[in-house]
Amino acid sequence: MSLPPVKTRERLSEVRYEIRGELARRARELEAQGRKQIKLNIGNPGAFGFRAPEHLQRAIAERIEQTDPYTHQQGLPAAREAIAAFHRQRGTPNASPERVFVGNGVSELIDLSLRALLNPGDEVLLPSPDYPLWSAATILNDGRPVYYQCKPENGFLPSAEEIESLVSPRTRAIVLINPNNPTGAAYPRELLEKIVAVAQRHKLLLMSDEIYDSILYDEATFTPVAPLAGDLPCLSFGGLSKVHRACGWRVGWAVLSGDPLASGDLHHAMDLLGALRLCANVPGQFAIEAALHGEDTIAPLCAPGGRLYEARRAVSESVAASQHLELVAPAGALYAFPAVTGDAAIGFDDHRFALELLETEDVLVVPGSSFNVPYRNHFRVTLLPQPDDLREVFRRIERVLDRYAVQ
Ligand code: PLP
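Position 195 (the sequence shown) corresponds to 195 in full-length UniProt numbering; numbering is contiguous.
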């Protein structure tokens, strides 16, 4: 008897997450055949020798015997107090421990908050390029992504006017990713003020993914949006994965701010959805206080001589020396998003390029179109490998692009 195949959710066909998709699968196949690769697809600091700071490791180790029970669905009270205090210090209005949600990474909270917010057909204004989980979670929670463009010619910054032009009666929220993945753009205060004004005029929730908030290079600064938003309901997302290099611990948080009356049932909805999944990973929660009260361990990595700074320099210099590439230097975060230009860009297909780079040069990058952009001449690399490995990566990229340019 042949059984009918199991059917899955239809909207999954609209969802793409190529950071861990087909190319990564092919890379594993090649690896199993003994090929040695340089993988630049995932922003996973631990895989490149970065460690979580020791005082965070100790905070968990010393309390490991307290980590057996479930916690409250919103997280350990002491951790939530530390997150609320961190936000109050920034000037986030009405940031209290009751309005903090600790989750299994920001990933879980992106999905949970959109599930709490959206009804079928509701629209979410998302940046293009975006971190593709935002699009995926919008779609899987029955919403519709509407993209505002962050164009390379504008330093990958959005335009508040364009965002406003896309608002419809179905729009529910404006999502910001600042500093941005994949572009590294950090949004200036004046721009954020204009976006806040749009959200205020149209009574939209602001959702600000700030997971890279203190990964900044040169003179770049980070401006959190919640303190600019006054009474406007705002969800700010942060976590331990990147700034504290502890992505395996799966610790993230979302802070609801603004006038509690204006956020309506959102708090209750998120609390209920949090309760349905019981709680976030408990050992990781014990590191939050230490992370937010302890010394700044990311700044030295982002300063001249620091590993991330030198990686970014290696990428910038390699691109500057290239015949075929252009780059808006990332102000923050862990990525660079170069463009292929000139003759090599004629007929260029970012997927075909990424596959060829993998098959012939053992380098894994993510095609730009995976980040929901309407063009196909970009790709993303992480800044996590050693600077010399990045220089080697760009020598190999140049070889492939040289071939394209003469075709
Ligand atoms: N948001 C952005 C912009 C990211 O780049 C990532 C991971 O790369 C996440 C959220 C998810 O992070 P977490 O490890 O906290 O789930």
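Glycine included, every Cβ here is placed at the ideal spot set by N, Cα and C.
Just so you know, these numbers come straight off a predicted model, no measurement behind them.
(1) Cutting at 6 Å between CB atoms, please list the residues of its own chain near V146, excluding the five before and the five after it.
(2) Which residues in the same chain as L390 place their Cβ atom closer than 6 Å to its Cβ, once the five residues preceding and following it in sequence are excluded?
(3) Nearest to F50 by CA position, among V393, I397, Q386, is which residue?
(4) Just checking N181 against ligand 1 - is the residue's beta carbon closer than 7 Å to any of the ligand's heavy atoms?
(5) Among S241, L383, L301, G258, which has the Cα closest to the Cα of D231?
(6) Just list the alpha helix (DSSP H) runs in the segment 111 to 175, keeping only unbroken ones of 4 residues or longer that don't cross its boundaries, in chain order.
(7) Using the Cβ count rule (16 or more neighbours within 10 Å means buried), how would you classify P129?
(8) What distance in whole Å lies between the Cβ atoms of A354 and L23, which are believed to be in contact at a cut-off of 8 Å?
(9) Which residues in the same chain as V319 place their Cβ atom closer than 6 Å to its Cβ, once the five residues preceding and following it in sequence are excluded?
(10) Tell me the rounded alpha-carbon separation between A220 and G332.
(11) DSSP three-state call for G46: helix, strand or coil?
(12) Would you grab the beta carbon distance between L176 and V102 for me? Rounded to a whole angstrom, and I think it's under 8 Å.
(13) Is S107 near ligand 1, with its Cβ less than 7 Å from a heavy atom?
(14) Which runs of the beta strand (DSSP E), 3 residues or longer, sit entirely within the segment 250 to 308?
(15) In terms of residue numbering, what span does the beta strand (DSSP E) encompassing D209 cover?
(16) In the DSSP assignment, find the alpha helix (DSSP H) that holds L216 and state where it starts and stops.
The answer reads as follows:
(1) E123, L125, L166
(2) A311, A314, V315
(3) Q386
(4) yes
(5) G258
(6) 133 to 140, 160 to 165
(7) buried
(8) 6 Å
(9) L325, L327, P338
(10) 7 Å
(11) helix
(12) About 21 Å separates the two Cβ atoms, so there is no contact after all.
(13) yes
(14) 252 to 257
(15) 205 to 209
(16) Where L216 is concerned, there is no enclosing alpha helix (DSSP H), given that its DSSP letter is neither H nor E.
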